[in-house]
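Remarks on the structure that follows.
Numbering (full-length UniProt numbering), first residue to last: 1 to 187.
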């Protein structure tokens with residue numbers, strides 16, 4: 001039970017870990033990684049159901065679990081904004097993977113394996129579920145940019161126009177239509 005408590009303490013850190021990209025762009029009170037993760041999970045539930053109604057074959061339970069753990073690597077290294085990642089390149093992915101392994105190791109082995117497999121699948125980005133969560137990770141970013149813009153923050157053009165923030169949208173027409181709406185309203 002001690003290790004389980006330690007695991008939850010690690011996850012709890014995400015509530016106090018700010019999304020650093022927002023600070024980089026002048027947002028004084030950025031969302032936390034936990035807030036971002038929650039929104040990605042909600043987006044996954046809603047868009048997943050809508051996509052299923054359109055005939056898309058998804059394991060929605062798996063996609064939601066993936067959304068919940070997709071930032072697990074940030075428990076130990078924090079959130080690095082895009083500019084920092086440009087300089088650190090593959091070091092970031094390696095550090096995040098090690099952090100995921102260390103954090104998941106606090107759980108019983110079957111749960112640890114499930115979490116590390118989900119994280120790896122998300123990072124690989126090849127399954128329909130991983131493509132969905134990766135797209136919605138960026139949709140959440142754009143929704144947050146829209147919210148900050150409505151609150152009066154300026155100079156978020158690089159967020160709106162950045163090609164790195166638009167990866168994975170072309171896999172799902174429904175998500176493309178939603179992004180078009182966001183672009184009209186805020187971008």
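Ideal Cβ positions, reconstructed from N, Cα and C, are used throughout, including at glycine. Given the structure is predicted, the values throughout are model-derived calculations rather than measurements.
On the criterion of 16 or more Cβ atoms from any shown chain inside 10 Å, does residue i qualify as buried, or is it exposed?
{"i": "residue 73", "result": "buried"}
{"i": "residue 111", "result": "exposed"}
{"i": "residue 178", "result": "buried"}
{"i": "residue 99", "result": "buried"}
{"i": "residue 130", "result": "buried"}
{"i": "residue 49", "result": "exposed"}
{"i": "residue 156", "result": "buried"}
{"i": "residue 5", "result": "exposed"}
{"i": "residue 21", "result": "buried"}
{"i": "residue 169", "result": "buried"}
{"i": "residue 7", "result": "buried"}
Please state whether the Cβ-Cβ distance between residue i and residue j is less than 9 Å.
{"i": "residue 96", "j": "residue 77", "result": "yes"}
{"i": "residue 32", "j": "residue 15", "result": "yes"}
{"i": "residue 171", "j": "residue 141", "result": "no"}
{"i": "residue 39", "j": "residue 143", "result": "yes"}
{"i": "residue 79", "j": "residue 17", "result": "yes"}
{"i": "residue 36", "j": "residue 19", "result": "yes"}
{"i": "residue 93", "j": "residue 52", "result": "no"}
{"i": "residue 148", "j": "residue 64", "result": "no"}
{"i": "residue 25", "j": "residue 161", "result": "no"}
Can you name the residues that DSSP bridges to residue i?
{"i": "residue 32", "result": "18"}
Return the Cβ separation of residue i and residue j in integer angstroms, given the expectation that the two are a contact with Cβ distance under 8 Å.
{"i": "residue 185", "j": "residue 146", "result": "6 Å"}
{"i": "residue 194", "j": "residue 54", "result": "Not covered by the structure: residue 194. The range shown for the chain is 1 to 187."}
message: Any contact between the region 128-142 and the region 78-88? By contact I mean 3 or more CB pairs, one from each, below 8 Å.
response: no
- prompt: Is the region 62-79 close to the region 111-122, with three or more CB pairs under 8 Å?
  reply: yes
message: Count Cβ pairs between the region 37-57 and the region 98-111 that sit closer than 8 Å; are there 3 or more?
response: no
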